[in-house]
Amino acid sequence: MVISAKLSVLVEVMPQNLSKEKSPSLPPQHAGKEAQALLRQLMTIYDVKTLVAQLVAVGDQHWSPAILKRAATVVRAANRLSAKEYAHLMTLLPPPPAHHPHYAFRFVDLFAGIGGIRNGFEAIRGQCVFTSEWNKHALRTYKANWYCDPQQHRFNEDIRDITLSHRPDVSDDEAAQHIRDTIPQHDVLLAGFPCQPFSLAGVSKKNALGRAHGFACETQGTLFFDVVRIIAARRPPIFVLENVKNLKSHDKGRTFRIIMQTLDELGYEVADADHSGADDPKVIDGRHFLPQHRERIVLVGFRRDLQLHDGFSLRAISTLYPAARPTFGDLLEPTVDAKFILTPVLWKYLYHYARKHQALGNGFGYGLVDPLNPHSVARTLSARYYKDGAEILIDRGWDRPLGEKHFDDPQNQQRRPRRLTPRECARLMGFESPQGYRFRIPVSDTQAYRQFGNSVVVPVFAAVAKLLEPRIAQAVARRDREDDAGGRPR
Numbered sequence: 005m006v007i008s009a010k011l012s013v014l015v016e017v018m019p020q021n022l023s024k025e026k027s028p029s030l031p032p033q034h035a036g037k038e039a040q041a042l043l044r045q046l047m048t049i050y051d052v053k054t055l056v057a058q059l060v061a062v063g064d065q066h067w068s069p070a071i072l073k074r075a076a077t078v079v080r081a082a083n084r085l086s087a088k089e090y091a092h093l094m095t096l097l098p099p100p101p102a103h104h105p106h107y108a109f110r111f112v113d114l115f116a117g118i119g120g121i122r123n124g125f126e127a128i129r130g131q132c133v134f135t136s137e138w139n140k141h142a143l144r145t146y147k148a149n150w151y152c153d154p155q156q157h158r159f160n161e162d163i164r165d166i167t168l169s170h171r172p173d174v175s176d177d178e179a180a181q182h183i184r185d186t187i188p189q190h191d192v193l194l195a196g197f198p199c200q201p202f203s204l205a206g207v208s209k210k211n212a213l214g215r216a217h218g219f220a221c222e223t224q225g226t227l228f229f230d231v232v233r234i235i236a237a238r239r240p241p242i243f244v245l246e247n248v249k250n251l252k253s254h255d256k257g258r259t260f261r262i263i264m265q266t267l268d269e270l271g272y273e274v275a276d277a278d279h280s281g282a283d284d285p286k287v288i289d290g291r292h293f294l295p296q297h298r299e300r301i302v303l304v305g306f307r308r309d310l311q312l313h314d315g316f317s318l319r320a321i322s323t324l325y326p327a328a329r330p331t332f333g334d335l336l337e338p339t340v341d342a343k344f345i346l347t348p349v350l351w352k353y354l355y356h357y358a359r360k361h362q363a364l365g366n367g368f369g370y371g372l373v374d375p376l377n378p379h380s381v382a383r384t385l386s387a388r389y390y391k392d393g394a395e396i397l398i399d400r401g402w403d404r405p406l407g408e409k410h411f412d413d414p415q416n417q418q419r420r421p422r423r424l425t426p427r428e429c430a431r432l433m434g435f436e437s438p439q440g441y442r443f444r445i446p447v448s449d450t451q452a453y454r455q456f457g458n459s460v461v462v463p464v465f466a467a468v469a470k471l472l473e474p475r476i477a478q479a480v481a482r483r484d485r486e487d488d489a490g491g492r493p494r
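As numbered in our numbering, the sequence shown has no gaps in its residue numbers, which increase by one up to the final residue, 494.
Spelled out as structure tokens, the structure:
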């Protein structure tokens with residue numbers, strides 16, 4: 005079978021230690037149910053076409069989508085998987101981190117996306133014990149890249165199934181107990197929660213149900229409230245919340261005031277809480293780590309009674325800026341498929357749309373980045389990038405003066421700009437090193453663009469994790485002392 009161009013990049017990042025020699029049957033310890041379980045697990049990550057291509061590349065026997073699906077559903081059919089095929093399929097799953105099973109602390113990953121925040125906390129020897137992510141495509145990418153111990157980790161799709169916030173018949177005490185029953189104890193809570201308009205529920209309805217109102221009422225109906233419920237029930241020593249910079253100004257600042265007041269009433273000190281303005285250390289720009297302007301607000305909270313917060317400030321993140329940031333050109337492929345070059349029709353539309361708005365005196369338009377300029381910084385990659393790529397277009401030598409005079413010049417049209425490839429997006433967001441291919445992208449280009457556009461600049465949160473490492477160690481030491489004294493269950 006010929007592996008299609010769409011699969012070739014994915015196959016390229018997967019280990020290829022394939023011999024054409026016939027291998028023995030799968031050993032008894034892997035037979036039947038274990039082979040079937042592996043196939044089912046892989047089918048939650050990769051499409052059937054990709055898995056068939058991988059098995060055919062091993063070369064032991066014939067495979068087709070129908071045969072693979074039967075092997076995943078019928079135990080006897082799964083027995084046909086050879087030892088070599090089984091071993092190769094295992095390489096398609098993420099391996100445990102180097103420090104497994106000797107973890108330094110535990111964390112949960114809420115609204116996880118594709119794991120951008122998780123990366124940094126795993127790098128300082130953390131163990132993820134719970135992941136919540138509703139998007140099935142993002143979950144595929146997450147599972148393709150992050151090891152999750154089946155004995156100590158669980159996935160959740162809808163966080164409301166944990167918090168029971170959509171169940172008005174459930175009391176706050178019952179909901180809190182359900183959270184404690186389903187989310188393991190942890191030292192750090194991570195959440196890149198979505199920003200939604202805060203709705204006000206009726207106090208009379210709350211009173212009728214015997215439930216709290218006030219701030220609980222003000223945050224009801226938002227996913228932030230689900231994070232609040234989990235923090236209140238589980239009381240982690242530290243949390244890290246992430247959102248867009250505009251959260252501070254949403255609803256004339258009211259939304260942010262409610263968030264900060266709610267966290268304070270939960271008994272947490274938020275780092276740099278009193279800072280605001282242009283130099284607010286809670287707002288971190290990814291351009292300090294990678295050539296992309298991407299500002300995010302980061303709320304680091306410490307449980308007040310543990311006295312972990314004294315002296316901590318996100319302003320210290322500047323000490324972790326890289327000495328030499330990769331250039332935009334460093335992240336690009338030497339050659340790309342022609343499909344990433346803008347069509348003449350799309351380029352003409354974007355070009356004239358930008359000129360029209362420039363004439364009106366506003367900034368709407370495309371962002372053209374010169375890859376040869378070592379100081380180039382791209383605009384913010386967005387989840388809508390798959391539509392036209394307008395915010396980050398790579399200059400391929402377009403002659404601007406000639407374009408002004410004669411837009412349709414044939415030679416100049418050969419130099420139309422292109423959009424980033426998904427692999428280049430992975431590098432621009434820090435999931436991948438410059439020129440790297442390790443991060444697995446098991447989804448379509450459209451879904452990949454959405455996922456990277458919704459994510460975070462990975463090294464930003466790796467730096468936040470590094471700053472927090474000694475505080476986390478203090479929290480773990482205290483927790484261990486309490487466990488030894490029988491103070492609370494793990």
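We treat Cβ as the ideally placed atom computed from N, Cα and C, and that holds for glycine. Fair warning: this is a prediction, and the values are worked out from it, not measured in the lab.
Buried/exposed call for residue i, threshold 16 Cβ in 10 Å
i	result
L245	buried
S280	exposed
W351	buried
Q439	exposed
N520	A query on residue 520 cannot be resolved here, the shown segment of the chain reaching from 5 to 494 and no further.
V349	exposed
H356	exposed
V373	buried
Q58	buried
H361	exposed
L376	exposed
Q200	Because the pLDDT of Q200 is 45, which lies under 50, any placement of that residue in the model is unreliable, and the number read from its coordinates should be weighed accordingly. Flag for Q200 reads exposed.
D487	exposed
T347	exposed
N247	buried
P198	exposed
Proximity to residue i [Cα-Cα], best of the options
i	options	result
L424	T77, D185, K256, D449	D449
A237	E178, V460, H254	E178
A327	L354, K140, L294, R298	L294
A358	D334, D374, E395	E395
P99	K147, F111, A75	K147
T226	H190, L168, H182	L168
F243	L193, A489, V381, E137	L193
V112	I128, G120, V133	V133
V231	S322, G119, F115	F115
D51	K37, L72, E38	L72
F306	P240, A363, Q156	P240
R329	M433, L364, L267	M433
K343	R319, L318, T384, Y390	Y390
G119	L472, L267, A477, F443	F443
Extent of the continuous beta strand (DSSP E) run through residue i
i	result
V112	109-114
V52	That residue, V52, is in no beta strand (DSSP E); its alpha helix (DSSP H) goes 52-62.
R44	Element bounds for R44: not the beta strand (DSSP E) but the alpha helix (DSSP H), 37-47.
N247	242-248
A195	192-195
R158	158-160
V133	130-136
G3	Within the shown structure, residues of the chain are numbered from 5 to 494, placing residue 3 beyond reach of any answer.
Pairwise C-alpha distance: residue j and residue i
i	j	result
E158	N149	Glu is not the amino acid found at residue 158; the sequence shown has Arg there. Distance between the alpha carbons of R158 and N149 is about 16 Å.
F435	V447	15 Å
R308	D153	31 Å
G130	L303	19 Å
S459	S386	9 Å
D399	K140	34 Å
P421	D64	44 Å
L324	R475	17 Å
A216	D314	Its pLDDT being 44, under 50, A216 is placed unreliably in this model, and the value from its coordinates should be taken loosely. So the two alpha carbons sit approximately 31 Å from each other.
S437	R431	6 Å
W402	G371	13 Å
G490	H292	45 Å
Q418	P69	40 Å
T135	R482	25 Å
Where the alpha helix (DSSP H) through residue i begins and ends
i	result
E337	Here E337 belongs to no alpha helix (DSSP H), and DSSP marks it neither H nor E.
Y272	Per DSSP, Y272 belongs to no alpha helix (DSSP H); it is in the beta strand (DSSP E), 272-274.
V231	227-238
If we count Cβ pairs, one from each stretch, closer than 8 Å, do we get three or more for the region 411-428 versus the region 163-171?
no
Across the region 99-107 and the region 402-414, are there enough close Cβ pairs to call them in contact, namely three or more that are closer than 8 Å?
Output reads no: the region 402-414 does not touch the region 99-107.
Three CB pairs or more closer than 8 Å across the region 43-56 and the region 76-85
yes
Does the structure place the region 115-130 close enough to the region 462-476 that three or more beta carbon pairs sit under 8 Å?
yes
So does the region 172-188 actually touch the region 68-77, counting three or more Cβ pairs closer than 8 Å?
no
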